[in-house]
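A.B. asks: Handing you this structure, nothing more for now.
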Amino acid sequence: MGADAIADAVRHNVALAQRLSPDEHTRLLELTAELIDGISWEGVGIEVTDEIKATIAANAVFPVLAHDLYPYRTVRAVIVRPRATRSSGLRSGPAPGTVTDRPMVVDGEASARSGPLALSWNSVVYDSRHPQRGRNVVIHEFAHKIDMLDGDADGVPPLRGDELAHWVQTIDDEWDREFDDDQDDALDPYAFSNHAEFFAVATETFFCLPSDLAAARPRLYAALRDLYGQDPAARG
Ligand SMILES: [Zn+2]
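Counting with the numbering used here, you get residues 127 to 362 for the letters of the sequence shown.
Given below as structure tokens:
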């Protein structure tokens with residue numbers, strides 16, 4: 127795909143890109159092109175256009191912007207559907223240790239190992255244009271892939287030694303922190319389904335509403351800043 131098509135899609139659809147420095151923006155476009163080429167794209171009920179590929183890939187690049195695409199080495203295939211689907215199967219949540227079969231809208235899914243990642247285009251583009259809502263299904267699902275690099279979806283990305291110990295302590299402490307009012311917590315309650323969702327929701331909040339997360343949960347913000355090598359709250 128041509129560089130112009132990527133730049134066009136980013137300009138029209140990827141609001142977070144406007145917060146980047148010129149150097150970061152250049153890097154975003156480079157990594158987006160590389161990621162597009164490395165993925166096998168499949169549309170179900172929709173043709174996967176250049177705009178769709180570039181919008182998905184550019185959002186996915188945010189967590190790895192300070193590094194390279196190595197954390198996405200298990201992302202081989204992305205399946206795109208036109209809109210979210212409804213699911214009513216039994217699953218864990220909303221509170222730890224509970225289950226629910228309430229119908230829920232599924233706008234993205236990430237499979238373990240080299241399994242595919244599925245995304246609904248209507249959710250992708252809406253989230254991508256409105257980061258102030260704090261949701262980004264692409265960043266969320268790609269964060270699950272980073273979490274699963276070490277095999278388990280457990281909210282613990284592949285870290286070692288002191289960094290690993292620090293991360294586990296932070297996620298345990300932050301999971302247990304109670305807010306008097308849900309409104310004061312920057313995290314969507316869905317984060318508390320399990321540790322994997324906590325990591326994915328914390329990551330999308332870190333990029334979409336960095337100042338809110340830094341204010342509500344400074345230790346979690348600092349741990350994510352160290353993990354991703356970026357300080358999005360300082361981008362203004
Ligand atoms: Zn999730």
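Virtual Cβ for every residue (Gly too), placed ideally from N, Cα, C.
Note that the coordinates shown come from a computational prediction; the quantities given were computed from them, not determined experimentally.
1) Looking at Leu339: is its Cβ nearer than 8 Å to the Cβ of Tyr347?
2) Which residue from Asp227, Leu243 and Thr181 puts its Cα closest to that of Asp233?
3) How long is the line joining the alpha carbons of Val206 and Ile172, rounded to whole angstroms?
4) Taking 7 Å as the cut-off, is the CB of His321 close to at least one heavy atom of ligand 1?
5) Ile205 bridges to which residues according to DSSP?
6) Should Arg261 go down as buried or exposed, given a rule of 16 or more other Cβ atoms within 10 Å for buried?
7) Taking the alpha-carbon of Ala180 as reference, which of Leu191, Arg199 and Thr158 has the nearest alpha-carbon?
8) Assign Tyr196 to buried or exposed, taking buried as 16 or more other Cβ atoms, counted over all protein chains shown, within 10 Å of its Cβ.
9) Consult DSSP for Ala341 and reduce its assignment to one of helix, strand or coil.
10) Take the Cβ of Ala192 as the centre, count every other Cβ of all protein chains shown within 10 Å, and call the residue buried at 16 or more, exposed below.
C.D. replies: This is what the structure gives:
1) One-based indexing of the sequence shown puts residue 339 at position 213. One-based indexing of the sequence shown puts residue 347 at position 221. A contact, by the Cβ cut-off of 8 Å.
2) As a first step, residue 233 must be located in the sequence shown, where it is residue number 107. It is Leu243.
3) Taking the first residue of the sequence shown as 1, we reach residue 206 at position 80. Taking the first residue of the sequence shown as 1, we reach residue 172 at position 46. Looking at the two C-alpha atoms, the distance is approximately 7 Å.
4) In the sequence shown, residue 321 corresponds to position 195, counting from 1. Flag unset: Cβ of His321 not near ligand 1.
5) By one-based count along the sequence shown, residue 205 stands at place 79. Glu168 and Ala244, per the DSSP bridge assignment.
6) Taking the first residue of the sequence shown as 1, we reach residue 261 at position 135. Under a 10 Å Cβ-count criterion, Arg261 is classified as buried, with 16 or more other Cβ atoms of the shown protein chains found around its own Cβ.
7) Within the sequence shown, numbered from 1, the residue matching residue 180 stands at position 54. Nearest of Leu191, Arg199 and Thr158 to Ala180, Cα basis: Thr158.
8) On the sequence shown, position 70 is the one that residue 196 refers to. It is exposed - the Cβ of Tyr196 has fewer than 16 other Cβ atoms within 10 Å.
9) Start at 1 with the first residue of the sequence shown, and residue 341 comes out as number 215. Three-state DSSP puts Ala341 in a helix.
10) Start at 1 with the first residue of the sequence shown, and residue 192 comes out as number 66. Ala192 comes out exposed.
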